[in-house]
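To start, the structure itself, in structure tokens.
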Amino acid sequence: MDIKLEKIDDYRWLIPKTGSMRVPGLIFSNAELINAVREDQSLTQVANVATLPGIVGHALAMPDIHWGYGFPIGGVAAFDLDEGIVSPGGVGYDINCGCRLMTTLLRAEEIRPLMKDLVMALFKNIPSGVGSTGAIRLSKSDETKVAVQGAAWAVKKGFGTTEDLERTEDHGVMEGADPSVLSDRVIKRGKDQLGTLGSGNHFVEVQVVDQIYDSKKAQAYGLFEGQITILIHSGSRGFGHQVCDEFLKEMSKPTQKASFELPDRQLACAHLKSGQGRRYLAAMACAANYAWANRQILMHWAKETLLESLSISPRELGMKLLYDVCHNIAKKEQHTVDGTNVMLCVHRKGATRALPPGHPLLPDIYRDVGQPVLIPGDMGTHSYVLSGAKEAMIQSFGSSCHGAGRVLSRSKAVKMAKGRAIHRELEDKGIFVQSRGKRTLKEEMPEAYKDVSQVVEVVHEAGLAQKVVRLRPLGVIKG
Amino acid sequence: MDSKKPDFTLLDHTADLGIIVRGRNLRTLFEVAAKSMMYIMVKGKPADTTKTFNLSVEGYDMADLMVRWLGEILYLFEGEHELVTGVEITSVSHSHLDATLETVSFDTNLHEILCEIKAVTFHQIEVVKKNDHWETRIIFDL
């Protein structure tokens, strides 16, 4: 499909409403990034999302947009609760895949000589890789508690403190979780994967704050130049995949499509008010809670590893959770549309919530500065901390980008990396990497991703989120 | 594990991985699709103990049947840690198939995961007859 794009300004492009599109599409991008987007099928995917019933405003895409399946990665779409739908493919397989960033009192120069040992210790202590299983074996009773209580379950078991919950999106628990809708297969896949990183683009990264853009906000977030931070990227593992897979199959039944035409089967969906839609939301909430418990436990193990590996006390380490955000989710949220307050179901598939200062859902500690928005880059460049800004509530249903976004397919990346020692190239840049999968480092090499600084610049200039600090990787463990 | 490459071609997809599989009839198409997925996922030595069992899959149409068929094989690995090493489709129609599968237990000493396929997606799924053969396009979530 040939998609027409109209430039609105330097950071926004419009896909005019044509054919069966119910609303226009809106892409946040810049002149260079938009050219890469034209190369794949992600613009068609934005137009496809715009055809779904009950969609409100625009079918949106963030500057890290790339070709997904069904929805584009980097896609945001909000649906009316009465007329609209919920789409498992619009959330993604890895439900509540997300990031959490921890600050420490350590300075980079103090631990640089110990970095290799620290990365090796993290690699040993944090289960990663394909089908990785962890030290936790959940009984069915405990697994259902995880599915209902989320991060709070992990805190009750001694993984972290209640203070962490305040610094987690939605306090690390999504309401409406109902384990009775979960299949035996979901329970089976979840029972031994809690506290595991997984494979692909999931990682734990040791970083240093190397540039401050907004010192007042950096101070409010507890960030200072030269500081060591730890970033974790993981999700709901096999539990979430199984939930998505089963509901996609259920919703792909031909009778489901009777009232409207689906441009792509992966967009299979159910009306939010339907029994099927409600059951999916109840199962999705269970998976979201599993993911929050997972990241809470991964954080605890990262902390234990730092304490042991560096032989320091908790006081000396001073580790605190800065924030935890999810990337793949559908949430009922209040927004203002044409001057009226309405409840909408906002799908974010590879996008981050970005609440501006003063928003009622913010914890007190961030009420005046806005929500921390965590944007990981690829393992060879930088990650960013931004703060949610007011234009996000006006233009993007309180959303921002979620990362760099792939630009090369995995097979192209592997081909390009042939004959190269990616780990050595990274070591030359002062980044020590350990990876479980042989292909992972090649698939995830820096050239496979868009320039994260450009992605971040777009959301900053469009006013969706404001740059606070930049983080440089020193050590990475990949699945 | 069959070390010979099945008849498939890779489809470039930015985030994930797709394949195009051809078969002279539907039975071969479904067999080669399953073998191709396993070929992409894992490499290994033959194990001493294999299990054999029958599997039936229902779909709403052939494309749906393909996603569900491959999904079952993937679940055997993800959920049961069993790797499919042999596939024989005993009957296939537009919405139903019967197969006999041979599996081995996943063993990190014997098997190496080359690529983790996390799901078989419905995105752009297609099963079509082209002149003298059948063809399917499948995109996997990695």
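Going down the list, the sequences are from chains A and B.
When we follow numbering that gives the first Met the number 0, the leftmost residue of the first sequence carries the number 0, and every step to the right adds one.
When we follow numbering that gives the first Met the number 0, the leftmost residue of the second sequence carries the number 0, and every step to the right adds one.
A virtual CB, placed ideally from N, CA and C, is assigned to each residue, including glycine.
Task: Inter-residue spacing [alpha-carbon to alpha-carbon] between A/Leu-425 and A/Asp-244 - done: Here the question's residue 425 of chain A lines up with position 426 in the first sequence. Here the question's residue 244 of chain A lines up with position 245 in the first sequence. Taking the straight line joining both Cα atoms gives about 36 Å.
Task: Length-filtered (4 minimum) alpha helix (DSSP H) runs lying within the stretch 439-464 of chain A - done: 439-442, 451-460
Task: Contiguous beta strand (DSSP E) assignments of at least 3 residues, all confined to the stretch 299-331 of chain A - done: 319-325
Open item on the list: Any beta carbon from chain A within less than 8 Å of B/Phe-29's own beta carbon?
Closed with: What you label residue 29 of chain B is simply residue 30 of the second sequence in a count that begins at 1. No, because no Cβ of chain A sits closer than 8 Å to the Cβ of B/Phe-29.
Open item on the list: I'd like the list of long-range same chain contacts for A/Asp-39, defined as Cβ closer than 8 Å, with 5 residues on each side in sequence excluded.
Closed with: Residue 39 of chain A sits at position 40 when you count from the first residue of the first sequence. Same-chain partners within the cutoff: His-65, Trp-66.
Task: Contacts that B/Tyr-59 makes with chain A (C-beta to C-beta distance below 8 Å) - done: As a working note, residue 59 of chain B is residue 60 in the second sequence. Under the 8 Å cutoff, chain A gives Ser-251, Lys-252, Pro-253.
TODO: Determine, using beta carbons only, whether B/Ile-18 comes closer than 8 Å to chain E.
DONE: This model lacks chain E altogether; the protein chains it does include are A and B.
Open item on the list: Quick check: what's the CA-CA separation for A/Leu-473 versus A/Ala-403?
Closed with: Residue numbering aside, residue 473 of chain A sits at position 474 when the first sequence is read from its first letter. Residue numbering aside, residue 403 of chain A sits at position 404 when the first sequence is read from its first letter. Each residue's alpha carbon lies about 18 Å from the other.
Task: Where A/Cys-268 falls: helix, strand or coil (DSSP) - done: Here residue 268 of chain A refers to the residue found at position 269 of the first sequence. Correct three-state label for A/Cys-268: coil.
Open item on the list: Do A/Ala-391 and A/Ser-398 have their beta-carbon atoms positioned less than 8 Å apart in this structure?
Closed with: Mapped onto the first sequence, residue 398 of chain A falls at position 399. Mapped onto the first sequence, residue 391 of chain A falls at position 392. For A/Ser-398 and A/Ala-391, yes; Cβs fall inside 8 Å.
Open item on the list: Going by beta-carbon coordinates alone, are A/Gly-89 and A/His-346 separated by less than 8 Å?
Closed with: Residue numbering aside, residue 89 of chain A sits at position 90 when the first sequence is read from its first letter. Residue numbering aside, residue 346 of chain A sits at position 347 when the first sequence is read from its first letter. Yes, they are a contact pair.
- [ ] Give me the Cα-Cα distance between A/Ala-176 and A/Glu-109, rounded to the nearest whole angstrom.
- [x] On the first sequence, residue 176 of chain A is found 177 positions in, with the first residue counted as 1. On the first sequence, residue 109 of chain A is found 110 positions in, with the first residue counted as 1. Each residue's Cα considered, the two are about 44 Å apart.
TODO: Determine whether the Cβ of A/Gln-453 lies closer than 8 Å to any Cβ atom of chain B.
DONE: For the purposes of this step, residue 453 of chain A is identified with residue 454 of the first sequence, where counting begins at 1. It does not: the Cβ of A/Gln-453 has no partner Cβ on chain B nearer than 8 Å.
TODO: Excluding the 5 residues preceding and the 5 following A/Leu-360 in the sequence, name in chain order all residues of the same chain whose CB lies nearer than 7 Å to its CB.
DONE: Counting from one through the first sequence, the residue named residue 360 of chain A turns up at place 361. Leu-354, listed in sequence order.
Task: Residue burial classification, A/Ile-7 (beta-carbon count within 10 angstroms, cutoff 16) - done: Here the question's residue 7 of chain A lines up with position 8 in the first sequence. Looking at its Cβ environment, which holds fewer than 16 other Cβ atoms inside 10 Å, A/Ile-7 is exposed.
Open item on the list: DSSP has A/Arg-347 in a bridge; who is on the other side?
Closed with: Within the first sequence, numbered from 1, the residue matching residue 347 of chain A stands at position 348. Beta-bridge pairing links A/Arg-347 to A/Val-75, A/Ile-328.
Open item on the list: Assuming A/Gln-206 is part of the alpha helix (DSSP H), what are its boundary residues?
Closed with: Taking the first sequence and counting its residues from 1, one reaches residue 206 of chain A at position 207. Element bounds for A/Gln-206: not the alpha helix (DSSP H) but the beta strand (DSSP E), 202-211.
Task: C-alpha gap between B/Asp-97 and A/Trp-152, whole angstroms - done: Here residue 97 of chain B corresponds to residue number 98 of the second sequence, with the count starting at 1. Here residue 152 of chain A corresponds to residue number 153 of the first sequence, with the count starting at 1. Each residue's alpha carbon lies about 43 Å from the other.
- [ ] Report yes if the C-beta distance between A/Ala-49 and A/Val-22 is below 8 Å; otherwise report no.
- [x] Counting from 1 along the first sequence, the entry for residue 49 of chain A is found at position 50. Counting from 1 along the first sequence, the entry for residue 22 of chain A is found at position 23. Cβ distance < 8 Å, so A/Ala-49 and A/Val-22 count as in contact.
Open item on the list: When you compare the CB positions of A/Thr-228 and A/Thr-103, do they come within less than 8 Å of one another, or not?
Closed with: Within the first sequence, the letter at position 229 stands for residue 228 of chain A. Within the first sequence, the letter at position 104 stands for residue 103 of chain A. Yes, the Cβ-Cβ distance between A/Thr-228 and A/Thr-103 is below 8 Å.
Task: Whether A/Tyr-489 touches A/Lys-466 by CB criterion (8 Å) - done: Limits of chain A in this structure are 0 at one end and 478 at the other, which puts residue 489 of chain A out of reach.
- [ ] Return the CA-CA distance between B/Met-40 and A/Lys-215, expressed in angstroms with no decimal places.
- [x] Locating residue 40 of chain B in the second sequence gives position 41, where the first residue counts as 1. Locating residue 215 of chain A in the first sequence gives position 216, where the first residue counts as 1. For B/Met-40 and A/Lys-215, the distance between alpha carbons rounds to 49 Å.
TODO: Measure the alpha-carbon distance for A/Val-45 versus A/Asp-163 and round it to whole angstroms.
DONE: Reading the first sequence from its first residue, position 46 is the one you call residue 45 of chain A. Reading the first sequence from its first residue, position 164 is the one you call residue 163 of chain A. Roughly 36 Å separates the two Cα atoms.
Task: As assigned by DSSP and simplified to three states, the class of A/Arg-188 - done: Taking the first sequence and counting its residues from 1, the one referred to as residue 188 of chain A is at position 189. Reduced to three states, the DSSP call for A/Arg-188 is helix.
Task: Secondary structure of A/Glu-390, DSSP reduced to three states - done: On the first sequence, residue 390 of chain A is found 391 positions in, with the first residue counted as 1. It is helical.
- [ ] Identify whether A/Lys-115 lies in helix, strand or coil by the three-state DSSP scheme.
- [x] Within the first sequence, residue 115 of chain A is the residue found at index 116, counting from 1. Helix.
TODO: Please check the pair A/Ser-395 and A/Leu-13, which I expect to be a contact at CB under 8 Å, by giving their CB distance rounded to whole angstroms.
DONE: Residue mapping note: residue 395 of chain A aligns to position 396 of the first sequence, counting from 1. Residue mapping note: residue 13 of chain A aligns to position 14 of the first sequence, counting from 1. Not confirmed; about 14 Å, so no contact.
- [ ] With A/Lys-248 as the anchor, note down where its alpha helix (DSSP H) starts and where it stops.
- [x] Reading the first sequence from its first residue, position 249 is the one you call residue 248 of chain A. It spans 236-250 - the alpha helix (DSSP H) in which A/Lys-248 sits, taken as one unbroken run.
TODO: Let me know the secondary structure DSSP gives B/Thr-120 once reduced to three states.
DONE: As a working mapping, residue 120 of chain B is identified with position 121 in the second sequence. Reduced to three states, the DSSP call for B/Thr-120 is coil.
Open item on the list: Using 8 Å as the threshold, is the C-beta distance between A/Leu-4 and A/Gln-453 below it?
Closed with: Taking the first sequence and counting its residues from 1, the one referred to as residue 4 of chain A is at position 5. Taking the first sequence and counting its residues from 1, the one referred to as residue 453 of chain A is at position 454. Contact: no.
Task: Separation of A/Gly-18 from A/Leu-25, as counted between CA atoms - done: Counting from 1 along the first sequence, the entry for residue 25 of chain A is found at position 26. Counting from 1 along the first sequence, the entry for residue 18 of chain A is found at position 19. Cα to Cα, the separation comes out at about 16 Å.
TODO: Measure the C-alpha to C-alpha separation of A/Lys-319 and A/Gln-206 and round it to an integer number of angstroms.
DONE: Here residue 319 of chain A is taken as the residue at index 320 of the first sequence, counted from 1. Here residue 206 of chain A is taken as the residue at index 207 of the first sequence, counted from 1. Approximately 15 Å between the Cα atoms of the pair.
Task: Among A/Gln-370, A/Val-475, A/Glu-249, A/Val-36, the one whose alpha carbon lies nearest that of A/Ile-2 - done: Working through the first sequence from its first residue, we reach residue 2 of chain A at position 3. Per the Cα distances, A/Val-36.
Open item on the list: Whole angstroms are fine: how far does the CA of B/Glu-134 sit from the CA of B/Lys-128?
Closed with: In the second sequence, the residue the question calls residue 128 of chain B occupies position 129. In the second sequence, the residue the question calls residue 134 of chain B occupies position 135. Taking the straight line from one Cα to the other gives about 6 Å.
- [ ] Mind checking the stretch 52-69 of chain A against chain B and listing, in chain order, the residues whose C-beta falls within less than 8 Å of any C-beta there?
- [x] His-65, Trp-66, Gly-67, Tyr-68, Gly-69
TODO: Kindly indicate which three-state DSSP category A/Gln-485 falls into: helix, strand or coil?
DONE: The structure shown has nothing for residue 485 of chain A, since chain A only spans 0 to 478.
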